[in-house]
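Inspection log for the structure reproduced underneath, given as structure tokens.
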Amino acid sequence: MQQLANCRHCGGLFVKVHQPTCKKCQMEEEQWLKTIRTYLKEYEDTMVTQQMLMDNTKIPFKFLQSLIRSGRLKLSQFPHLEHFCERCQKPTQETRFCHSCVNELNGELSHYEEGKNDKVTLVREQDDNQSLTYTLKKNR
């Protein structure tokens with residue numbers, strides 16, 4: 000389904016089909032990806048850091064982060080080309096979140112799912128003085 004959206008990179012308005020970026024930024028991102036791959040193949044140095052890559056290819060930080068987050072630039076081959084966790088900002092080799100944040104998020108999600116399955120029943124009680132009391136009763 001097509002809808003209007005703002006480009007994630009330039010903020011321009013475009014018709015979104017699948018990508019969160021406009022055609023111009025998609026083409027620019029593809030060009031940056033080709034440049035990075037050429038550089039990494041040419042130097043095949045596993046000691047390449049993010050700063051070295053940005054300095055030598057002139058790629059903007061936001062495009063590099065976008066390529067890493069989307070998984071289009073694999074970090075497993077270049078251990079010094081680190082990325083930062085979107086949640087805690089610690090260096091990581093993962094695409095979006097570090098291992099500890101993934102574990103925490105999974106724990107929170109499972110805790111939420113367990114609580115979601117609890118049933119709540121409204122109980123109406125009337126005592127001898129004809130006063131009504133409503134209580135919530137959790138059924139497990």
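If you count by numbering that gives the first Met the number 0, then the sequence shown holds residues 0 to 139, one letter each, in order. Ideal Cβ placement from N, Cα and C applies to all residues, glycine included. Here the structure is a predicted model, which is why all the values come from computation and not from measurement.
| Query | Result |
| --- | --- |
| When you compare each of GLN76, SER69, ARG36 and LYS73 to ILE58 by their alpha carbons, which one comes out closest? | ARG36 |
| If we call anything under 9 Å between Cβ atoms a contact, is THR94 one with GLY70? | yes |
| Could you check what DSSP says for LYS89 in three-state terms: helix, strand or coil? | coil |
| In or out: LEU63 buried (at least 16 other Cβ within 10 Å) or exposed? | buried |
| Check PHE96 in the structure and name its three-state DSSP category. | coil |
| When we look at the beta-carbon of CYS9 and count the other beta-carbons within 10 Å, is it buried (16 or more) or exposed? | exposed |
| Return helix, strand or coil for GLN2, following the three-state DSSP convention. | strand |
| Along the chain, where does the beta strand (DSSP E) that runs through LEU57 open and close? | First, the amino acid is wrong: residue 57 is Lys here, not Leu. Where LYS57 is concerned, there is no enclosing beta strand (DSSP E), given that its DSSP letter is neither H nor E. |
| On a Cα-Cα basis, can you pick out the residue from GLU41, THR34, TYR42 and GLU112 that is closest to LEU66? | THR34 |
| Curious, which full-length alpha helix (DSSP H) runs of at least 4 residues does the segment 5-60 contain? | 22-42 and 49-56 |
| Since I believe LEU52 is in contact with LEU80 (beta carbons under 8 Å), could you give me their beta-carbon distance rounded to a whole number of angstroms? | 7 Å |
| With DSSP collapsed to three states, give me the class of HIS82. | strand |
| Just to check my reading of the structure: ALA4 and LYS15 have Cβ atoms closer than 8 Å, yes? What is that Cβ distance to the nearest angstrom? | 4 Å |
| Since GLU85 and PHE96 should fall inside the 8 Å C-beta cutoff, what is the C-beta to C-beta distance between them, to a whole number of angstroms? | 6 Å |
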